[in-house]
Every structure is written in structure tokens, then in C-alpha cells.
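Q:
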Amino acid sequence: MIWDDGSRIAHDAPGPLGWIRLLWRGGAMGLLVFGGLGVLLVVRTIERPLCGVRRPVTPSITVFVCRSALRILGLHYVRSGDPLRAGGAVVANHASWLDIFVLNAGKRIYFVSKSEVAGWPGIGWLARATGTVFIERTRTRAREQTSLIEERLLAGHRLLFFPEGTSTDGLRILPFKTTLFASFFSQNLRRRAVVQPVTVRYHAPVGADPRFYGWWGEMTFGGHLLRMLSAPRHGRVEVIYHRPLAAADFDSRKTLARACEAAIRSGYDRPAPGDAPGQG
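Counting from 1 along the sequence shown, just add 40 to a position and that's the residue number in my numbering.
1. Out of Ile86, Leu285 and Leu72, which one is the CA nearest neighbour of Arg350?
2. Thr208 to Val79, Cα distance in whole Å?
3. Here's the rule I'm using: 16 or more other beta-carbon atoms within 10 Å means buried, otherwise exposed. How should Ala109 be labelled?
4. Which residue from Phe216, Leu199, His197 and Phe141 puts its Cα closest to that of Thr206?
5. Rounded to the nearest angstrom, what separates Tyr253 and Arg310 at their Cα positions?
6. Who are Val236's beta bridge partners in DSSP?
7. Tell me the DSSP bridge mates of Ile304?
8. Using the beta-carbon count (16 or more within 10 Å), is Thr295 buried or exposed?
9. Under 9 Å between the Cβ atoms of Gly307 and Pro250?
10. Please report the distance separating the alpha-carbon of Arg88 from that of His274.
11. If contacts are defined as beta-carbon pairs under 8 Å, then Trp64 and Ser270 qualify, I think. What distance do you get, rounded to the angstrom?
12. So, is Pro203 buried or exposed, given that buried needs 16 or more other C-beta atoms within 10 angstroms?
13. Would you call Arg241 buried or exposed, if buried means 16 or more other Cβ atoms sit within 10 Å of its Cβ?
14. Taking just the CA atoms, how far does Leu115 sit from Leu188?
15. Quick check on the burial criterion: 16 or more other C-beta atoms within 10 angstroms. Buried or exposed for Val93?
16. Considering Cα atoms alone, identify which of Leu285, Ala132 and Gly159 is closest to Phe151.
17. State the DSSP-derived secondary structure class of Val105, mapped to helix, strand or coil.
18. Skipping 5 residues on each side, what residues in its chain have a beta carbon closer than 8 Å to that of Ser292?
19. Secondary structure at Phe261, three-state DSSP: helix, strand or coil?
20. Roughly how many whole angstroms lie between the Cα atoms of Cys300 and Ile86?
21. To the nearest angstrom, report how far apart Ser155 and His243 are at their CA atoms.
22. Confirm, please, whether the CB-CB distance from Ala195 to Phe174 is below 9 Å.
23. Does the Cβ-Cβ distance between Ala129 and Arg198 come in under 9 Å?
24. Within the same chain, show all residues whose beta-carbon is closer than 7 Å to that of Asn144, passing over the 5 residues directly before and after it, in chain order.
25. Counting along the chain, where does the beta strand (DSSP E) carrying Glu278 start and finish?
26. Around the Cβ of Thr260, are there at least 16 other Cβ atoms within 10 angstroms (buried) or fewer (exposed)?
27. For Arg231, which option in His282, Ala286 and Gly75 has the closest C-alpha, if you only look at C-alpha atoms?
28. Within 10 angstroms of its Cβ, does Arg125 collect 16 or more other Cβ (buried), or is it exposed?
Structure representation (C-alpha cells):
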């Protein structure tokens with residue numbers, strides 16, 4: 041699929057008010073995120089020896105931080121449907137690094153991410169601290185990755201991954217890669233695994249480029265972050281939790297992946313919600 045490079049979207053440099061917004065939002069979010077991380081690490085030192093792989097307390101800290109970050113940013117959060125209450129997998133479309141905050145704001149989850157992210161400055165550290173599962177998308181490591189995912193799911197974790205394999209401009213959904221869906225058909229998970237498709241749909245501020253929240257192509261994280269923090273106003277993000285699907289009802293990873301993709305695409309066909317913000 042060929043689509044426009046991110047550098048083709050023109051954005052004005054922040055004016056004086058933009059820099060004030062950037063400093064206020066950036067400072068507040070920095071204190072929130074790193075302060076919350078500090079609390080999380082302290083609690084985890086007690087939680088780890090008592091609970092092992094299970095994390096009954098620390099994910100709630102992550103949810104609080106992410107909900108508060110969206111409020112500071114001014115991005116209205118609108119939710120429909122019900123998140124999984126028990127352990128299982130969640131799959132969603134991927135438009136931006138903001139998805140981390142948006143999806144964590146709805147329910148306690150753990151992301152499944154490519155191994156390279158673990159080495160990214162700042163982001164990698166945060167990801168490791170919050171229990172992200174790092175994987176290598178290679179056939180030689182497939183069995184090992186399946187065992188790791190199986191262990192976390194059997195421990196009652198809700199694992200989230202992005203089957204598109206990359207972020208987009210927020211206006212389209214790329215064909216799903218099916219490799220990770222194989223984990224749900226292992227001997228120990230085949231009869232008990234459930235997967236919940238989730239649509240994340242961003243609505244740009246009035247008058248802004250519809251791709252305002254997308255992060256793709258040659259866009260840098262720093263440039264995109266600056267634009268989010270300095271924006272005079274924000275739009276909203278709609279998170280739609282679809283009906284969970286049982287792996288036992290499908291004959292292969294490919295049919296399960298297609299069903300999840302169809303459900304997530306259906307979220308883009310729904311009428312846009314009203315302007316009234318909501319916090320799920």
C-alpha cells in the first residue's frame with residue numbers, strides 16, 4: 041500500500057501562546073508520568089515478591105496516569121462497549137503513540153511490542169516498567185514468543201497488540217498480520233483464549249487536517265509530541281470495544297485475524313459521536 045509521507049502535512053510553528061501551552065502541558069504531563077512511574081516502581085518492589093508475574097495493584101496506577109494525561113492534553117475520550125473483565129487478548133488498530141494513553145485509560149492492559157522499543161530512550165524504560173511484553177517477529181523465535189504470551193495470559197493478564205504492525209495516518213486500517221494470532225491456538229490456550237477487537241478512532245480538532253493525530257512515515261516522535269502539546273485545541277478519540285471472540289470458534293489464526301479486522305473496520309463505519317466529552 042502506498043500513501044503520503046508524513047512530511048507532506050504542513051504545520052505552523054508554535055507562536056507565543058503555543059509555547060506557553062507546550063510548557064504547561066509538557067511540564068504537567070512530565071510530572072504526572074514520571075511521578076506515577078516512581079510510585080509504580082516502589083509498589084512493584086512489594087508486589088513482585090508477593091505476586092510474581094501477577095500485578096494486582098500497579099496496573100491501576102498506569103490507568104490513573106493515562107486518564108489524567110488525556111485530561112491535561114485536552115483530548116476528549118469517548119468510550120462505547122465493555123472491556124474484557126477477565127484475562128484475554130485485545131487487538132486494536134494503531135494510529136499514534138497516543139494509543140498507549142488512550143487504550144490504557146479504558147482498562148488495565150499490557151502491551152505486546154516489538155523488541156526494538158525496549159531500547160528507545162525514555163519510551164523503552166517506561167514500557168519495561170509497565171510490564172510490556174517484548175517480542176521479535178521472527179520464525180526462529182516463534183515458539184519462545186508463544187510460550188511467553190501463553191504464560192502472561194494464563195496469569196490473567198490482558199495483553200494488547202497491534203496486528204497492523206505499524207502506526208498509520210489514523211484514516212485507514214492496514215491488513216492484519218496473523219503471526220501473533222497463532223499463540224491463541226496453542227494446546228493450553230485453544231479452548232480458553234478470548235480476543236477482543238477494539239477500534240480506536242481519532243477525530244481531529246475543527247479545521248485541522250483529518251490526519252492530525254496520525255504518526256507515520258518519516259514523522260519524528262519529538263516533532264509530533266511538540267505539535268500535540270502546543271495545539272490550541274484538541275478533538276476527541278473514540279474507543280469502541282467490540283464483542284470478544286473465542287479462539288475455539290475459529291479453525292485457524294487467519295480466520296480469527298480476519299474476524300478481528302472486520303470488527304475493527306466496522307468501527308469506522310459508525311456515525312461519529314457527538315461533541316460532548318466523556319470519560320469511561
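Ideal Cβ positions, reconstructed from N, Cα and C, are used throughout, including at glycine.
A: Let's see:
1. The structure shown does not extend to residue 350, since the chain spans only 41 to 320, so no value can be given for it.
2. Each residue's alpha carbon lies about 33 Å from the other.
3. The residue in question, Ala109, is buried, as its Cβ has 16 or more Cβ neighbours within 10 Å.
4. The candidate whose alpha carbon is nearest that of Thr206 is Phe216.
5. Cα-Cα distance, rounded: 19 Å.
6. The sequence shown places Gln at residue 236, not Val. Beta-bridge pairing links Gln236 to Val130.
7. In the DSSP output, where bridge partners are listed per residue, Ile304 has none listed.
8. Thr295 is classed as exposed because its beta carbon has fewer than 16 other beta carbons within 10 Å across all chains shown.
9. Taking a C-beta distance under 9 Å as the contact criterion, Gly307 and Pro250 do not qualify as a contact pair.
10. When rounded, the distance between both Cα atoms is 38 Å.
11. Not a contact, Cβ separation roughly 10 Å.
12. With 16 or more other Cβ atoms from the protein chains shown falling within 10 Å of its own Cβ, Pro203 counts as buried.
13. In the assembly as shown, Arg241 is a buried residue. Its beta-carbon has 16 or more other beta-carbons within 10 Å.
14. The alpha-carbon of Leu188 is positioned some 34 Å away from that of Leu115.
15. Exposed: under 16 other Cβ atoms inside 10 Å.
16. Answer by Cα proximity: Ala132.
17. Here Val105 carries a helix assignment [DSSP, helix/strand/coil].
18. Excluding five sequence positions before and after Ser292, the CB atoms of its chain that fall closer than 8 Å to its own CB belong to Phe225, given in chain order.
19. Here Phe261 sits in helix by DSSP.
20. Rounded to the nearest angstrom, the two C-alpha atoms are 37 Å apart.
21. Straight-line Cα distance between these residues: approximately 30 Å.
22. Not a contact, by the Cβ cut-off of 9 Å.
23. A contact, by the Cβ cut-off of 9 Å.
24. Once the five neighbours on either side are set aside, the close Cβ partners of Asn144 are Thr102, Val103 and Cys106.
25. It spans Arg276 to Tyr281 - the beta strand (DSSP E) in which Glu278 sits, taken as one unbroken run.
26. Burial call: exposed.
27. With respect to the C-alpha of Arg231, the residue from His282, Ala286 and Gly75 having the closest C-alpha is Ala286.
28. With fewer than 16 other Cβ atoms within 10 Å, it is exposed.
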